[in-house]
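Below: one structure, written as structure tokens.
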Amino acid sequence: MNKIYILPPQTANKIAAGEVVERPASIVKELIENSIDGKSTNITINLVDAGKEKIEVIDNGVGIHKDDVPVAFLRHATSKIKDEKDLEKISSLGFRGEALPSIAAVSKVTLITRTVGEDFGIKYVIEGGKEQLFDVAPANLGTRIIVEDLFYNTPARKKFLKTNATELSYITDLVGRFIMSHPHISFQLTHNNKLLLKSSGDGDLKHCLSEVMGWETAENSLEVNFSYENMKVTGLIIKPVLTKSSRSGQMFFINNRIVKSLMLAKALETGYNTLIPIGRYPQGILNIEIQPEDLDVNVHPSKQEIKFKDEKAVFYLVKQGVENALTNKPLISEFKHTNVSKQFNITPPKRETLILEKTEVKYTIPNSLKDEPKDTKEFKVLEKQPLQQVFDLPEEEQYLHPFFNTLKILGQYANSYIIAVDSEQIYLIDQHAAQEKIYYEKALTQMHSKPIIQQIMPVTLELKRGYREKIQENLELFNSLGFDLDFFDGNNIIVRGLPFFINKTVSLQILFDALEELIFNDDITTIKKYKEAVLALISCKGAIKANHKLSIIEMEQLVKDLGKISNPYSCPHGRPIIVSLDKYSIEKLFKRVT
């Protein structure tokens, strides 16, 4: 007796539906992709009960020929590819031929379509994979498809659906990504007859961004346009003044296809480097144009997972594109006139990144040296250091940002913020963050060449139990930073030399107490990140503090030195160094304009 059976088509389609149709958003994705592949320029999505009851997608594309309508609902029937060679050069969004039969297997589907040259359209009804109607009907050019009673014949699947609010959020996020990946297509999304999203299709990515993420995000966006080898990355990234606690503000597309990629997310975040505070994530919408033969999109039924032939090249493309965009544009935080009263604390401010206040610095450091950093924890604060130059900043050094050399210094506010002006705006500069970043960049530049050790009179330090052994385990790392250490019995060490960027007057006991928490932390685990964290710690503790009175000459020198570093807009911990207030915002405060 046979024990292996060939499953009937209906059963096979239900099984396939389990991979393709997870929730209403899965159906919306497949139907929108079909509309885009059908050369639509206008796509409308109407939902009832978050798509559980009804999903309707209407487009103005080329439609489906009457002879192809029933075939479209057969498994592996597709117009996108003909043989396996075509898999190496896929340019369409869909190609598997599984979407429509999978959807029809677990719902009731009505399809109405008409192609150019036909006087009448076709109406096709299929329920649970069984054809119910195939007839002529009046129809507009394009396709209208209605999916009703999702999972009506698989109640177990229906139980796993989330609340309407959750399912609707998945669809809204998805349609937002389609708006961003196809700015030349007009999209409209409604739920229970209420408009949720609408794009004009005018091709302007900033207009799309304003619709999807809001006008404030759009106004703080920077254009990305960078080519490397035979690839190109384009899109928008958001200034580091607007960050998120998760990666929800990141969208990635490959040849306009929505994809999920941790590698691309890491490349975006690496491009921001120290511009983003720890625990926050940058926002960006990036499309990578790459030859189809250099990637594989046939990895997962959702077609959102991809493999690159040269992943390192793609990583560099994105990272460098982001770095260039951030370098080419000023990253000064602006007091927007629409919220100016909030930012001057007339009412409580909503966005913390624009509040001028002193915050505790947080940083961490490693145990092992293999993986990327994760979370952080506080370390002890070192003693206040006197105002002095730790690094040489020769006057003849070329200004990387001449803008800072044009500012006129007016004075100091609260002995913490330098007040400066130019012909257009007023600026507030955080003196501590400014000098901290100057120290940090100089140290980073010189340290990348080779460790420079400054010899000191030997100092004996008594460390806590276990700390001495931990330093000894990581001695190579300390040597690479520029420490010269000897070890004796007990918990004592002798310090004979320090990295050049550490002030000789610093209390070594306090310094090593601060480093203790860093080295016992398991989160920062690469040598590069460890060095950067040490530099950030030392730079922070060596810089002038808030509530420190400066002379005009000192303020002028500090501002000029800012113009000589590569990124004078944010400190090593990602907080802004300089914020601006324009004339319109001031007039708004005095109610001279509306």
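Everything in the sequence shown is counted per full-length UniProt numbering, starting at 1 for the first residue and increasing by one. Note that the Cβ used here is the ideal one computed from N, Cα and C, for glycine as well.
Inset, instruction - Compare the C-alpha of Gln283 against each of Ser261, Asn256, Lys260, Ile238 and name the closest. - result: Counting from 1 along the sequence shown, the entry for residue 283 is found at position 283. It is Ile238.
Inset, instruction - Have a look at Met251 and Ile36 and give me their C-alpha separation to the nearest angstrom. - result: Walking along the sequence shown from the start, residue 251 turns up at place 251. Walking along the sequence shown from the start, residue 36 turns up at place 36. The C-alpha of Ile36 is placed about 19 Å away from the C-alpha of Met251.
Inset, instruction - Spell out the partners DSSP gives Ser221 in its beta bridges. - result: Here residue 221 corresponds to residue number 221 of the sequence shown, with the count starting at 1. Answer is Ile238.
Inset, instruction - Just list the beta strand (DSSP E) runs in the stretch 552-593, keeping only unbroken ones of 3 residues or longer that don't cross its boundaries, in chain order. - result: The stretch 552-593 contains, as complete beta strand (DSSP E) runs of 3+ residues, the segments 578-582 (chain order).
Inset, instruction - With DSSP as the reference, label residue 599 as helix, strand or coil. - result: The structure shown does not extend to residue 599, since the chain is modelled only from 1 through 594, so no value can be given for it.
Inset, instruction - Could you tell me which residues DSSP pairs with Met251 in its beta bridges? - result: On the sequence shown, position 251 is the one that residue 251 refers to. Met251 pairs with Ile285.
Legend entry - Inter-residue spacing [alpha-carbon to alpha-carbon] between Asp430 and His184: What you label residue 430 is simply residue 430 of the sequence shown in a count that begins at 1. What you label residue 184 is simply residue 184 of the sequence shown in a count that begins at 1. The straight-line gap from Cα to Cα measures roughly 43 Å.
Legend entry - Backbone secondary structure at Ser186 - three-state DSSP: Taking the sequence shown and counting its residues from 1, the one referred to as residue 186 is at position 186. Assignment of Ser186 by DSSP, reduced to helix, strand and coil, places it in the strand class.
Legend entry - Span of the beta strand (DSSP E), counted from its first residue to its last, around residue 598: Outside the shown range of the chain (1 to 594) lies residue 598, about which nothing can therefore be said.
Inset, instruction - Alpha carbon to alpha carbon, how far is Asn256 from His182? Give it in angstroms, no decimals. - result: Along the sequence shown, read from residue 1 onward, the residue named residue 182 stands at position 182. Along the sequence shown, read from residue 1 onward, the residue named residue 256 stands at position 256. Here the alpha carbon of His182 sits roughly 7 Å from the alpha carbon of Asn256.
Legend entry - For Glu413, the residue or residues it bridges with in DSSP: Residue numbering aside, residue 413 sits at position 413 when the sequence shown is read from its first letter. One detail in the question is off: residue 413 reads as Tyr in this sequence, not Glu. Per DSSP, Tyr417.
Legend entry - Of the residues Gly63, Cys540, Phe73, the one placed nearest Gly128, counting alpha carbons only: Reading the sequence shown from its first residue, position 128 is the one you call residue 128. Answer by Cα proximity: Phe73.
Inset, instruction - Rounded to whole angstroms, what's the CA-CA distance from Leu100 to Ala443? Just pull it up for me. - result: The residue you call residue 100 lines up with position 100 of the sequence shown. The residue you call residue 443 lines up with position 443 of the sequence shown. One C-alpha to the other measures close to 60 Å.
Inset, instruction - List the endpoints of the continuous alpha helix (DSSP H) containing Leu399. - result: The residue given as residue 399 occupies position 399 in the sequence shown. What sits at residue 399 in the sequence shown is Tyr, not Leu. Here Tyr399 belongs to no alpha helix (DSSP H), and DSSP marks it neither H nor E.
Legend entry - Coil, strand or helix - Leu326 by DSSP: Along the sequence shown, read from residue 1 onward, the residue named residue 326 stands at position 326. Three-state result, Leu326: helix.
Inset, instruction - Would you please state the rounded distance, in angstroms, between the beta carbons of Leu515 and Leu461? I believe it to be under 8 Å. - result: Counting from 1 along the sequence shown, the entry for residue 515 is found at position 515. Counting from 1 along the sequence shown, the entry for residue 461 is found at position 461. 11 Å between Cβ atoms; not a contact.
Inset, instruction - Take Met555 as the anchor and find which of Leu242, Gln412, Pro572 has the nearest alpha-carbon. - result: The residue labelled residue 555 in the question sits at position 555 within the sequence shown. For the residues Leu242, Gln412, Pro572, the minimum Cα distance to Met555 belongs to Gln412.
Legend entry - Under 7 Å between C-beta atoms of Ile285 and Leu236: Here residue 285 refers to the residue found at position 285 when the sequence shown is read from its first residue. Here residue 236 refers to the residue found at position 236 when the sequence shown is read from its first residue. Cβ distance < 7 Å, so Ile285 and Leu236 count as in contact.
Inset, instruction - Would you identify the three-state DSSP class for residue 610, choosing helix, strand or coil? - result: Residue 610 is absent from the model: the chain starts at 1 and stops at 594.
Inset, instruction - Report the three-state DSSP secondary structure of Ile55 (helix, strand or coil). - result: Against the sequence shown, residue 55 aligns to sequence position 55. Three-state DSSP puts Ile55 in a strand.
Inset, instruction - Please name the residue or residues paired with Ala137 in a DSSP beta bridge. - result: Stepping through the sequence shown from its first residue, residue 137 is reached at position 137. Partner(s): Gly121.
Legend entry - Touching by the beta-carbon criterion (3+ pairs, under 8 Å), the stretch 140-155 and the stretch 169-179: A contact is defined here as three or more CB-CB pairs under 8 Å, and the stretch 140-155 fails this definition with respect to the stretch 169-179.
Legend entry - Per-residue burial, Arg592 [other beta carbons within 10 Å of its own, 16 or more giving buried]: In the sequence shown, the residue the question calls residue 592 occupies position 592. Exposed, by the Cβ-count rule.
Legend entry - DSSP-derived helix/strand/coil call for Pro277: Residue numbering aside, residue 277 sits at position 277 when the sequence shown is read from its first letter. Collapsing the DSSP output to three states places Pro277 in coil.
Legend entry - Where Val459 sits in the DSSP three-state scheme: On the sequence shown, residue 459 is found 459 positions in, with the first residue counted as 1. Val459 falls in the strand class under three-state DSSP.
Legend entry - For Ile27 and residue 605, believed in contact at Cβ under 8 Å, the rounded distance: Nothing about residue 605 can be reported from this structure: the residues present for the chain run from 1 to 594 only.
Inset, instruction - On a CA-only basis, which of Asp422, Ala536, Gly482 is nearest Asp582? Give me that one, please. - result: Along the sequence shown, one-based indexing puts residue 582 at 582. Of the listed residues, the one whose Cα sits closest to Asp582 is Asp422.
Inset, instruction - Look at the alpha carbon of Leu47 and the alpha carbon of Ala265, and state the distance between them as a whole number of angstroms. - result: The residue you call residue 47 lines up with position 47 of the sequence shown. The residue you call residue 265 lines up with position 265 of the sequence shown. Inter-residue distance for Leu47 and Ala265 is about 31 Å (C-alpha atoms, whole angstroms).
Legend entry - Distance CB(Asn42)-CB(Ser186) smaller than 7 Å: The residue labelled residue 42 in the question sits at position 42 within the sequence shown. The residue labelled residue 186 in the question sits at position 186 within the sequence shown. A contact, by the Cβ cut-off of 7 Å.
Legend entry - Under the three-state DSSP convention, the category Lys408 falls into: If you number the sequence shown from 1, residue 408 lands on position 408. Correct three-state label for Lys408: strand.
Inset, instruction - Assign Pro576 to one of two classes, buried (16 or more other C-beta atoms within 10 Å of its C-beta) or exposed (fewer than that). - result: Taking the first residue of the sequence shown as position 1, residue 576 is located at position 576. The residue in question, Pro576, is buried, as its Cβ has 16 or more Cβ neighbours within 10 Å.
Inset, instruction - Would you identify the three-state DSSP class for Thr44, choosing helix, strand or coil? - result: Taking the first residue of the sequence shown as position 1, residue 44 is located at position 44. Three-state result, Thr44: strand.
Inset, instruction - Could you check what DSSP says for Arg157 in three-state terms: helix, strand or coil? - result: Mapped onto the sequence shown, residue 157 falls at position 157. In the structure shown, Arg157 sits in a helix (DSSP, three-state: H, G or I).
Legend entry - Rounded distance between the beta-carbons of Leu189 and Thr172, thought under 8 Å: Here residue 172 refers to the residue found at position 172 when the sequence shown is read from its first residue. Here residue 189 refers to the residue found at position 189 when the sequence shown is read from its first residue. Yes, they are in contact, since the Cβ atoms of Thr172 and Leu189 sit about 7 Å apart, within 8 Å.
Legend entry - Endpoints, the alpha helix (DSSP H) within which Ile332 is located: The residue labelled residue 332 in the question sits at position 332 within the sequence shown. Segment: none, Ile332 is in no alpha helix (DSSP H) and carries neither H nor E.
Inset, instruction - Could you tell me whether the Cβ atoms of Ile290 and Met231 are closer together than 7 Å? - result: Translated into the one-based positions of the sequence shown, residue 290 becomes position 290. Translated into the one-based positions of the sequence shown, residue 231 becomes position 231. Yes, the pair counts as a contact, with Cβ atoms nearer than the cut-off.
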